[in-house]
Amino acid sequence: MFPERLTISISGAITEGVDAFVTAYGSAFRAFADVVLVFLLQIEQILRGAPWWLVLLAVGVLGFTLTRRAWFAVGLIGATLLMGVLGLWDQAMQTLALMIAALVGAAAVGIPFGVVLARYPRLRLVFVPILDAMQTLPSFVYLVPALMLFGLGKVPALLATIIYATPPVVRLTDLGLRQANAEAVEAATAFGATRRQRLWWVEFPLALPSIMAGLNQATMMALSMVVVASMIGARGLGEEVLLGIQRLDTGRGVVAGIAIVALAIVLDRLTQASMRRLRRAPPGAGL
Amino acid sequence: MTTADTPPPISLEAAVVLFGPAPGRHWSVVQQWIRKGQSKDAVRKETGHTVGLAGVSLSIDPGEMFIVMGLSGSGKSTLLRLINGLINPTAGSVSVGDVDVAALAEADLLAFRRQTASMVFQHFGLLPHRNVADNVAFPLRVQGCERAEARDRAAAWIQRVGLEGYGDAMPAELSSGMRSSGSGWPALW
Chain A
55 MFPERLTISI
65 SGAITEGVDA
75 FVTAYGSAFR
85 AFADVVLVFL
95 LQIEQILRGA
105 PWWLVLLAVG
115 VLGFTLTRRA
125 WFAVGLIGAT
135 LLMGVLGLWD
145 QAMQTLALMI
155 AALVGAAAVG
165 IPFGVVLARY
175 PRLRLVFVPI
185 LDAMQTLPSF
195 VYLVPALMLF
205 GLGKVPALLA
215 TIIYATPPVV
225 RLTDLGLRQA
235 NAEAVEAATA
245 FGATRRQRLW
255 WVEFPLALPS
265 IMAGLNQATM
275 MALSMVVVAS
285 MIGARGLGEE
295 VLLGIQRLDT
305 GRGVVAGIAI
315 VALAIVLDRL
325 TQASMRRLRR
335 APPGAGL
Chain B
76 MTTADTPPPI
86 SLEAAVVLFG
96 PAPGRHWSVV
106 QQWIRKGQSK
116 DAVRKETGHT
126 VGLAGVSLSI
136 DPGEMFIVMG
146 LSGSGKSTLL
156 RLINGLINPT
166 AGSVSVGDVD
176 VAALAEADLL
186 AFRRQTASMV
196 FQHFGLLPHR
206 NVADNVAFPL
216 RVQGCERAEA
226 RDRAAAWIQR
236 VGLEGYGDAM
246 PAELSSGMRS
256 SGSGWPALW
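One line per chain: the protein sequences are A and B, in this order.
The first sequence runs 55 to 341 under my numbering.
The second sequence runs 76 to 264 under my numbering.
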């Protein structure tokens, strides 16, 4: 046994510190949480309110415009249909809303941060190890701070998911910008482009496929978080799995698991298709 | 060049370019090695720095056609990059007219690149993510030209060099001859 006199207890101090922090800034956090909640609920409302066939149609059209392959679109529709047939349509839409919100959040935080890292390589010395650590930490760990600051509910679940999903976006944005075609970047410089013109007109478009790869990764990370996040209040497919476990209802858990896999396939295929499309014909958005 | 009347003279005074982690500090050491008649490879092995240019002096008169020949890796491109300020000299000076290129502040350097020095790239300097029309218009846009005007002026030139109908093509879709026709625009704007 480890000698007791050598142990120190910091959990009490941490709890007190967090309590004091929440007491002091609780209202700010609540205000922030309310904004996030409105955003999330809006997406949820659209997806859950939309007729099921419209969602299928949207998935199919999106798949077809991205790849121009009919069977690809049919496959996506099939996978989406499966979630409905399994009786989990509403839960799937809730989870999808969480995914979309998490993806928007991860992009909003991760892309600008990646741009900054690419611009100031020294920051990488500090932040790359932190990003490494973030990706190594078990997803459970992210529930703790979210729970402390926001309590139970959809918002902390979303925020924990965003934090978990952001590192790959930061990394791949940074990587994409650094690997942007050196000749094109040099040509733009020689034409007298300012740093900003170079970033927006050359480096960023060239980095887009890599950034999309980051968003694809983020989607998968976010999806792997749904079951865990349901422990602090995320609804949807994750909750079904959790209930299946808690009630030893194997069937329920497995069915929800299948639906999660179907959703994962749909999201993965869609983000990968947009990635490939960008690589083939980057947006010639025009100058 | 903006349809320049007489381009300014260019002169290099003992210009040195050293590539490596700390070129400024190593130049004197490298200089000794060069004096001893050591090769570029030996210098690199010994000091960790690659000699790009070792004291080049030259002067180019206005309107003079000046040709630099040399083996691959002998510093031709480095010389060119020096003149429009893509690289700063480790030692020595580079001047175009009465402008000391290395001493230009950021804003002046941008103006210098836009108005005075133009560079046509061996790799054509085409942006792979923009179509031909947008590539031709790009230097104009950089100069702050409005989108519509840039497009019009670009379209006129595209026609003139025989790339008509290829305005919407991406660089990767062109033959290399066509690519070269589609590049080098800053030299004309």
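The C-beta atom is built at its ideal place from N, Cα and C for all residues, glycine as well.
The model shown is predicted, which means the values in this text are computed figures rather than measured ones.
DSSP-derived helix/strand/coil call for residue i
i, result
"I162(B)", "coil"
"S255(B)", "helix"
"A288(A)", "coil"
"D186(A)", "helix"
"I142(B)", "coil"
"V236(B)", "coil"
"S208(A)", "A quick correction: the sequence has Lys, not Ser, at residue 208(A). Note: K208(A) maps to helix in three-state DSSP."
"N235(A)", "coil"
"I319(A)", "helix"
"L302(A)", "coil"
"Q113(B)", "coil"
"E221(B)", "coil"
"G159(A)", "helix"
"S65(A)", "helix"
"P82(B)", "coil"
"R102(A)", "helix"
"G340(A)", "Any reading at G340(A) is ruled out, since the residue's pLDDT is 38, under 50, leaving its predicted position unreliable."
"A182(B)", "helix"
"T191(B)", "coil"
"R205(B)", "coil"
"D73(A)", "helix"
"L249(B)", "coil"
"T215(A)", "helix"
"T77(B)", "Bear in mind that the predicted position of T77(B) carries a pLDDT of just 43, short of 50, making it too unreliable to give a figure here."
"Q197(B)", "coil"
"R248(A)", "With the sequence shown as reference, residue 248(A) is identified as Thr, and Arg is not the correct amino acid for it. In this structure, T248(A) counts as coil in the three-state DSSP scheme."
"M275(A)", "helix"
"A244(B)", "coil"
Close Cβ partners of residue i (< 7 Å) along its chain, the five nearest in sequence each way excluded
i, result
"R306(A)", "E294, L297, G298"
"I345(A)", "Lying outside 55 to 341, the shown extent of chain A, residue 345(A) is not represented and no answer is given."
"T81(B)", "P137, G138"
"M329(A)", "P263, M266, A267, N270"
"L267(B)", "What the structure shows of chain B is the stretch from 76 to 264, and residue 267(B) is not part of that stretch, so it cannot be assessed."
"I131(A)", "L110, V113, G114"
"M188(A)", "P221"
Beta-bridge pairing of residue i - partner residues as DSSP gives them
i, result
"E240(A)", "Answer by DSSP bridge pairing: none, since E240(A) is not bridged."
"T119(A)", "Bridge partners of T119(A): none, in fact."
"L128(B)", "V92(B)"
"D136(B)", "In DSSP, D136(B) forms no bridge with anything."
"L87(B)", "L133(B), V169(B)"
"G144(A)", "The question names Gly, but residue 144(A) in the sequence shown is Asp. Note: D144(A) sits in no beta bridge, so no partner."
"D175(B)", "S170(B)"
Cβ-based burial, residue i [other Cβ within 10 Å; buried from 16]
i, result
"A74(A)", "exposed"
"S193(B)", "buried"
"D304(B)", "The shown model of chain B, from 76 to 264, leaves out residue 304(B), and the question about it has no answer."
"F204(A)", "buried"
"M137(A)", "buried"
"Q197(B)", "exposed"
"F199(B)", "buried"
"I286(A)", "buried"
"A339(A)", "Unreliable positioning characterises A339(A) in this predicted model, as indicated by a pLDDT of 40, which lies under 50. A coordinate reading is not provided."
"M245(B)", "buried"
"M279(A)", "buried"
"Q148(A)", "buried"
"T119(A)", "exposed"
"I85(B)", "buried"
Sequence-distant residues of the same chain with beta carbon closer than 6 Å to residue i, five excluded per side
i, result
"T121(A)", "A327"
"M275(A)", "Y218, A219"
"G168(A)", "V224, T227, D228"
"Q300(A)", "none"
"R123(A)", "none"
Near the ligand COA: residue i beta-carbon under 6 Å from a heavy atom
i, result
"G268(A)", "Ligands displayed in this structure: none; no statement on the ligand COA is therefore possible."
Same chain, Cβ closer than 8 Å to residue i, neighbours up to 5 away in sequence not counted
i, result
"A117(B)", "W108"
Specify whether the region 285-292 of chain A and the region 310-322 of chain A touch according to this definition: at least 3 beta carbon pairs, one from each stretch, less than 8 Å apart.
Touching, yes.
Evaluate contact between the region 165-180 of chain B and the region 200-219 of chain B, counting only Cβ atoms and requiring at least three cross-stretch pairs below 8 Å.
no
May I ask you to verify whether the region 111-126 of chain B touches the region 88-102 of chain B, counting CB pairs closer than 8 Å and requiring at least 3?
yes
If contact is defined by three or more beta carbon pairs under 8 Å, each pair taking one atom from either stretch, is the region 178-187 of chain A in contact with the region 230-240 of chain A?
no
When the Cβ atoms of the region 205-213 of chain A are set against those of the region 81-94 of chain A, are three or more pairs found closer than 8 Å?
yes
Quick test of the definition: if touching needs 3 or more C-beta pairs under 8 Å, does the region 237-249 of chain A touch the region 217-231 of chain B?
yes
Determine contact between the region 186-194 of chain A and the region 68-84 of chain A, defined as no fewer than three beta-carbon pairs at a distance below 8 Å.
Per the Cβ contact rule, the region 186-194 of chain A is not in contact with the region 68-84 of chain A (fewer than 3 Cβ pairs under 8 Å).
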